[in-house]
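In what follows, a single structure is set out as structure tokens and then discussed.
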Amino acid sequence: MNDQRERAELLAALHAAGAASKEDEKELQALLQADPSLEKVVRDFQDSITALASSFDPLETPPRTLGKIQKKIAREQGSFLSRLRSWLSKS
Amino acid sequence: MAEARPNDPADLVAAMAAGDSGQPLSAFYAQYGSTVLALLTKMLGSPAEAEEILQEVFVELWRRAAEYDSSRGSVVAWVVTVARSRALDALRKRSRRYGDRQLQFSERHALETERGRPDVLVSNTRWHQALRQAFATLDADQRAVLELSYFLGMSHGQIAETLNLPVGTVKSRILAGMRALRAMLPIIHQSMRA
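From first to last, the protein sequence lines are chains A and B.
Read in order, the letters of the first sequence are residues 32 to 122 in my numbering.
Read in order, the letters of the second sequence are residues 4 to 197 in my numbering.
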């Protein structure tokens with residue numbers, strides 16, 4: 032493995048693990064632009080950490096939670112529509 | 004003509020992006036709600052707070068559905084990224100309010116299962132069994148740095164300080180841990196197909 036690929040692999044690992052600094056992220060983006068084939072390294076690490084994060088035994092969601100989510104969304108949609116109506120009436 | 008896939012995650016996200024908060028959102032929540040709740044509970048340690056953040060996560064996923072780009076990763080990766088991000092926000096907020104002690108991490112429990120909890124769904128799917136077996140084989144040092152970075156949002160510098168290790172050692176352990184996780188992917192994928 033050449034030095035640049037090895038460096039990219041380290042940065043991709045730090046990025047996927049959430050431990051990369053701003054400088055690391057910048058350097059990784061520059062390496063990805065120079066060599067798009069490195070995207071696969073990043074994606075494989077991301078898939079791996081996603082598997083880790085979704086490996087816990089699933090918990091039963093409380094019965095009313097979905098309703099609460101839908102209510103919040105309806106409020107957002109309502110406020111967007113009223114803003115849109117008010118903007119249209121002024122223009 | 005394309006085959007209809009009523010509960011295909013990408014199709015559900017597309018329907019949510021079009022503004023549908025009915026059946027597509029319900030189906031999407033049915034697919035990912037319990038996994039997200041498990042992750043949030045693990046990260047936050049408080050079931051009540053996790054349930055609160057669960058709502059925020061799904062409202063945000065619905066709001067940002069149009070931003071999902073399948074070329075950048077799977078739907079589950081996107082869901083987990085948003086959930087982790089909201090959990091880290093909650094941990095930071097708690098840390099500002101109560102000080103760093105609240106951020107202390109129970110390394111021993113982080114990757115254990117919660118079999119004793121009455122709300123744990125019986126999870127004997129091949130997927131979860133394979134994941135549990137695979138992660139149990141991770142080296143303890145590698146697991147510790149991955150847990151601190153991923154589940155507590157620490158940078159490599161903060162981990163080095165917390166574990167009293169040189170930054171270079173922390174980076175090497177993260178890379179080795181990520182390589183070990185990556186090596187498990189084929190086993191996990193195989194178990195999903197079986």
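Ideal placement from N, C-alpha and C gives every residue a C-beta, glycine not left out.
A quick note: this is a predicted structure, and the numbers were derived from the prediction, not measured.
Under 7 Å from the C-beta of residue i: neighbouring residues of chain B
i: A48/A; result: L149, S152, Y153, I177 and M181
i: A44/A; result: I177, L178 and M181
9 Å Cβ cut-off: residues of chain A touching residue i
i: T140/B; result: The contacting residues do not exist; T140/B stays about 12 Å from chain A at best.
i: Q174/B; result: Note that residue 174/B is Lys in the sequence shown here, rather than Gln. The answer, in chain order, is L41, A44, L45 and A50.
i: L188/B; result: D75, D78, S79 and A82
i: S29/B; result: L97 and Q101
Contact list for residue i against chain B, beta-carbon separation under 8 Å
i: A16/A; result: The displayed coordinates of chain A run from 32 to 122. Any statement about residue 16/A would go beyond what the structure contains.
i: P94/A; result: Correct list: empty, because the minimum Cβ distance to chain B is about 11 Å.
i: L63/A; result: Within 8 Å Cβ-Cβ: nothing; L63/A doesn't reach chain B, min ~12 Å.
Neighbour list for residue i in chain A, Cβ cutoff strictly below 8 Å
i: R135/B; result: S86
i: S79/B; result: Here residue 79/B turns out to be Val, not Ser, going by the sequence shown. The contacting residues are T81 and S85.
i: L168/B; result: In chain order: nothing, as chain A lies at least about 13 Å away.
i: K45/B; result: F87
i: G156/B; result: G49
i: L94/B; result: By Cβ distance, chain A contributes nothing, its closest Cβ being about 12 Å from L94/B, past 8 Å.
Chain-ordered chain A contacts of residue i [CB-CB under 7 Å]
i: Y71/B; result: Residues of chain A passing the Cβ test: none, with the nearest at roughly 14 Å.
i: F61/B; result: I100
i: G76/B; result: R74 and Q77
i: A41/B; result: F87, D88, P89 and L90
i: I162/B; result: A50
i: V83/B; result: T81, A84 and S85
i: L15/B; result: Those do not exist, as L15/B stays about 14 Å from chain A at its closest Cβ, beyond 7 Å.
i: E54/B; result: P93 and T96
i: Q58/B; result: T96, K99, I100 and K103
Residue i: contacting residues in chain B (beta-carbon distance under 9 Å)
i: E40/A; result: L178, M181 and R182
CB contact below 8 Å: residue i versus chain C
i: L97/A; result: Although the question refers to chain C, the structure presented lacks it and instead comprises the protein chains A and B.
Worksheet item: Counting Cβ pairs closer than 8 Å, one from the segment 19 to 29 of chain B and one from the segment 60 to 70 of chain B, do we hit at least three?
Response: yes
Worksheet entry | Complete runs of the alpha helix (DSSP H) confined to the segment 36 to 69 of chain A [at least 4 residues] | 53 to 65
Item to complete: Go through the segment 12 to 51 of chain B residue by residue and report every complete run of the alpha helix (DSSP H) that reaches 4 residues or more, in order.
Response: 12 to 20 and 26 to 47
Worksheet item: In the segment 68 to 86 of chain A, which residues sit with their C-beta less than 7 Å from some C-beta in chain B, listed in chain order?
Response: R74, D75, F76, Q77, D78, S79, I80, T81, A82, L83, A84, S85 and S86
Worksheet item: Pairing CB atoms from the segment 96 to 109 of chain A with CB atoms from the segment 78 to 86 of chain A, are three or more of them under 8 Å?
Response: no
Discussion item. Quick check: the segment 57 to 64 of chain A against the segment 150 to 168 of chain B, are at least 3 beta-carbon pairs closer than 8 Å?
Written reply: no
Worksheet entry | contact_flag[the segment 34 to 45 of chain A, the segment 141 to 148 of chain B] where n(CB pairs < 8 Å) is 3 or more | no
Item to complete: Report yes or no: do the segment 53 to 67 of chain B and the segment 51 to 62 of chain A share at least 3 C-beta pairs separated by less than 8 Å?
Response: no
Discussion item. Just to confirm the assignment: which complete alpha helix (DSSP H) runs, minimum length 4, are found wholly within the segment 153 to 180 of chain B?
Written reply: 159 to 166
Item to complete: Scan the segment 71 to 103 of chain B and note each continuous alpha helix (DSSP H) run of 4 residues or more that stays entirely inside, going in chain order.
Response: 78 to 101
Worksheet item: Touching or not, the segment 28 to 35 of chain B and the segment 43 to 54 of chain B, by the rule of three or more beta carbon pairs under 8 Å?
Response: no
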